[in-house]
Amino acid sequence: MQLDEVTDIWDRLFGAQPDPPSWLVVVTALLALAVVAVRGPWRVARNAVTIAHEGGHALAALLTGRRLRGVRLHSDTSGLTLSAGRPTGPGMAITLFSGYVAPSLLGLGGALLLGGNHITLLLWVTVVLLLAMLMLIRNPYGVFSVVLTGAVVFAVSWFGSPQVQAIFAYLAVWFLLIGGVRPVGELQTLRSRGRMPDSDADQLARVTHVPALLWVTLFGAVALVALLVGGYLLAEPVIRAAGIAT
390 MQLDEVTDIW DRLFGAQPDP PSWLVVVTAL LALAVVAVRG PWRVARNAVT
440 IAHEGGHALA ALLTGRRLRG VRLHSDTSGL TLSAGRPTGP GMAITLFSGY
490 VAPSLLGLGG ALLLGGNHIT LLLWVTVVLL LAMLMLIRNP YGVFSVVLTG
540 AVVFAVSWFG SPQVQAIFAY LAVWFLLIGG VRPVGELQTL RSRGRMPDSD
590 ADQLARVTHV PALLWVTLFG AVALVALLVG GYLLAEPVIR AAGIAT
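Next up, the structure:
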């Protein structure tokens with residue numbers, strides 16, 4: 390590979406793209422909201438939230454010194470991250486806490502990149518994260534789900550026009566921000582019906598002796614703050630165009 394080719398790739402990866410048109414930001418936000426709100430599309434798209442959720446558990450386990458055994462993703466959009474270590478203590482608590490907040494925090498990170506107009510960088514970082522996740526998967530459906538998601542992101546990043554990349558990136562980040570909220574509500578609904586006695590919140594309650602409902606509330610608070618901050622970052626081009634902020 391010659392120097393000019395390396396320079397071209399570097400500029401393509403780290404260079405900033407122009408501000409998106411206002412309609413793109415608004416339309417992708419509405420599309421993401423529709424996907425999250427409507428049952429059919431949500432059941433399919435929720436697989437991406439599950440990947441982020443289990444990825445959060447896995448990363449937290451590694452960072453806290455637990456021995457990660459693998460991740461399983463299931464067709465009903467549930468998942469399981471297996472790690473070995475002390476069944477109590479800060480490491481276990483952080484690992485349990487990280488799942489429900491991971492999609493929202495990933496969305497917030499994506500909003501920060503898009504706020505700097507780093508669309509291509511966002512897409513390539515996503516591909517790298519999915520490749521890392523693939524190495525942890527331990528069941529066929531999980532492999533299929535991560536490979537398919539990664540293939541779509543790679544295809545858009547490599548073959549898509551700048552406008553297609555922008556639409557995809559904004560739609561994906563809006564989806565993570567909005568989609569990070571709904572699972573918390575679903576969690577509490579199932580808990581109230583006695584259908585999730587071993588949820589992350591209930592396990593946290595047993596580990597920390599803090600009531601599970603407080604953990605659910607904290608999950609929701611993180612998701613809502615990420616949505617508000619990330620939403621503002623994504624909407625800045627619209628705000629500037631409307632002359633609301635300088």
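So in our numbering, spot 57 of the sequence shown is number 446, and the numbers just go up one at a time.
Using N, Cα and C, we set each Cβ at its ideal position, and we do this for glycine too.
Predicted, not measured: the structure shown is a model, and the values here were computed from it.
- Work out the CA separation of tyrosine 559 and isoleucine 567 for me, nearest whole Å. 12 Å
- Under 8 Å, do alanine 405 and asparagine 506 count as touching if we go by C-beta distance? yes
- Under the three-state reduction of DSSP, which class applies to alanine 540: helix, strand or coil? helix
- Enumerated in chain order, which unbroken segments of the beta strand (DSSP E) with a length of 3 residues or greater are wholly contained in the region 494 to 537? none
- Item | Buried versus exposed, by CB contacts within 10 Å (16 or more), glycine 499 | buried
- Which ranges would you report for the alpha helix (DSSP H) in the region 580 to 626 if only whole runs of at least 4 residues count? 589 to 597
- Query: When the Cβ atoms of the region 603 to 623 are set against those of the region 564 to 579, are three or more pairs found closer than 8 Å?
  - Reply: yes
- Message: Here's the rule: buried if 16 or more other CB atoms are within 10 angstroms of the residue's CB, otherwise exposed. What is aspartate 398?
- Response: The question names aspartate, but residue 398 in the sequence shown is isoleucine. Under this definition isoleucine 398 is an exposed residue.
- Message: Rounding to the nearest angstrom, what Cα-Cα distance links proline 476 and alanine 482 in this structure?
- Response: 9 Å
- Query: Based on the DSSP secondary-structure assignment, which residues constitute the bridge partners of leucine 448?
  - Reply: DSSP output for leucine 448 lists no bridge partner at all.
- Task: Compute the beta-carbon to beta-carbon distance between alanine 473 and arginine 455, rounded to the nearest angstrom, for a pair I have assumed lies under 8 Å.
- Result: 7 Å
- At which residues does the alpha helix (DSSP H) containing glycine 568 begin and terminate? 551 to 568
- Would you mind working out which of Pro492, Ala426 and Ala544 sits nearest valine 562, comparing C-alpha positions? Pro492
- Which class does glycine 429 belong to by DSSP, given the choice of helix, strand or coil? helix
- Message: Please determine whether the Cβ atom of tyrosine 621 lies at a distance below 7 Å from any heavy atom of the ligand HEM.
- Response: The ligand content of the structure shown is nil, which means the ligand HEM is not present either.
- Message: With H, G and I counted as helix, E and B as strand and the rest as coil, what does DSSP make of threonine 470?
- Response: strand
- What did DSSP end up calling arginine 458 once you bin it into helix, strand or coil? strand
- Query: Helix or strand or just coil, what does DSSP make of aspartate 408?
  - Reply: coil
- Message: So, for alanine 544: in the same chain, excluding its five sequence neighbours on each side, which residues have a beta-carbon less than 8 Å away from its beta-carbon?
- Response: none
- Task: Compute the distance between the beta-carbons of methionine 524 and glycine 444, then report whether it is under 8 Å.
- Result: no
- Hey, leucine 495 and alanine 441 are a contact pair by Cβ (cut 8 Å); roughly how many whole angstroms apart? 5 Å
- Query: Grouping DSSP H, G and I as helix and E and B as strand, with all else coil, what is aspartate 465?
  - Reply: coil
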